[in-house]
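Presented below is the structure to which this report refers.
Numbering (the numbering used here), first residue to last: -6 to 286.
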């Protein structure tokens, strides 16, 4: 999969969102998205900003600007970059905190709001409605282009974009695989429980299993053995596709935590599993440290 130039982006989308609807979100939500359900307050990880430059940003894209969140070591330049891709709930406090966690480890972490044109996830209280009215209308072409724009912003604001990392959760986990095949500067990815197979549609023409053989950097897949939405046979299919690919594809691997459900890293939700989450986080840091630094 090739990088999509900004000038060609609109031509790849069906004739709806951009010109008619414009940008639905111009600022990030505060707190946690309501649709995620009751907060698991006792397990929420809160990372401070001491020693960091952190906060909301605006990222220029082909048709305007989208909001995002950036965290990086204060006063540093030429910092390795990790793109952080949201769950279906958008860029809310959990994703911002993940950015700060990476920044504490010496990275510039950027999380763009990838639903900015389709709707505001923070306004929804029900997952099915959020998915139907916002998430299902987001084209992969838009996402890949916005991530390109985010990487470009990083390069102009103290980040080293020659070697990029990308991580994402749930919906974002699927995007990690796609973007790692899309951008030749991506040297490592960590996909947290992202779906690997699916139907080909106008908005989602390819899925991870379709591009597995052509990754630009190795991807670490962190998955739960009790994730009802991602059957073991789909992981096996992805492993087989990776084994037939290039060097980066063959270097990719999965770690499956047998007792973990979907969203086991989401510390603000009942699905959180501390042991698997902490083990996965350390694996992710090791993966990026070995491939980006």
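Note that CB positions come from ideal geometry on N, CA and C, so glycine has one too.
Bear in mind the structure is a predicted one, so any value in this text is a computation, not a measurement.
Look up residue i in the DSSP assignment and say whether it is helix, strand or coil.
i	result
residue 211	coil
residue 266	coil
residue 19	coil
residue 150	coil
residue 160	strand
residue 273	helix
residue 110	coil
residue 121	helix
residue 179	strand
residue 32	coil
residue 247	strand
residue 63	strand
residue 192	coil
Please name the residue in the options whose C-alpha comes closest to that of residue i.
i	options	result
residue 135	39, 113, 108 and 159	108
residue 248	286, 260 and 274	274
residue 270	17, 186, 221 and 175	186
residue 137	196, 82 and 234	196
residue 147	43, 74 and 25	74
residue 279	55, 267 and 183	183
residue 242	44, 200 and 170	170
What distance in whole Å lies between the Cβ atoms of residue j and residue i, which are believed to be in contact at a cut-off of 8 Å?
i	j	result
residue 96	residue 79	About 17 Å; that fails the 8 Å criterion.
residue 237	residue 259	33 Å between Cβ atoms; not a contact.
residue 277	residue 160	6 Å
residue 201	residue 231	6 Å
Please find out if some non-hydrogen atom of the ligand HEM comes closer than 7 Å to the beta-carbon of residue i.
i	result
residue 246	With respect to the ligand HEM, the structure offers nothing, as it holds no ligand at all.
When burial is assigned at 16 or more other CB atoms within 10 Å of the CB, is residue i buried or exposed?
i	result
residue 286	exposed
residue 245	buried
residue -3	Here the model assigns residue -3 a pLDDT of 34, short of 50, so the residue's position is not dependable, and the following value carries that caveat. Residue -3 is buried by the Cβ-count criterion.
residue 209	buried
residue 173	buried
residue 39	exposed
residue 71	exposed
residue 252	exposed
residue 41	exposed
residue 225	exposed
Excluding the five sequence neighbours on either side, which residues of its own chain have a C-beta within less than 7 Å of the C-beta of residue i, listed in chain order?
i	result
residue 306	Residue 306 is absent from the structure shown; the chain starts at -6 and stops at 286.
residue 82	26, 28, 29 and 114
residue 157	74, 76, 144, 176, 178, 179 and 180
residue 126	112
Sorted by chain position, which residues of the same chain lie with C-beta nearer than 6 Å to residue i's C-beta, five sequence neighbours on each side aside?
i	result
residue 115	22 and 26
CB-CB under 8 Å to residue i, same chain, minus the five flanking residues each way: which ones, in chain order?
i	result
residue 228	189, 214, 216, 247 and 249
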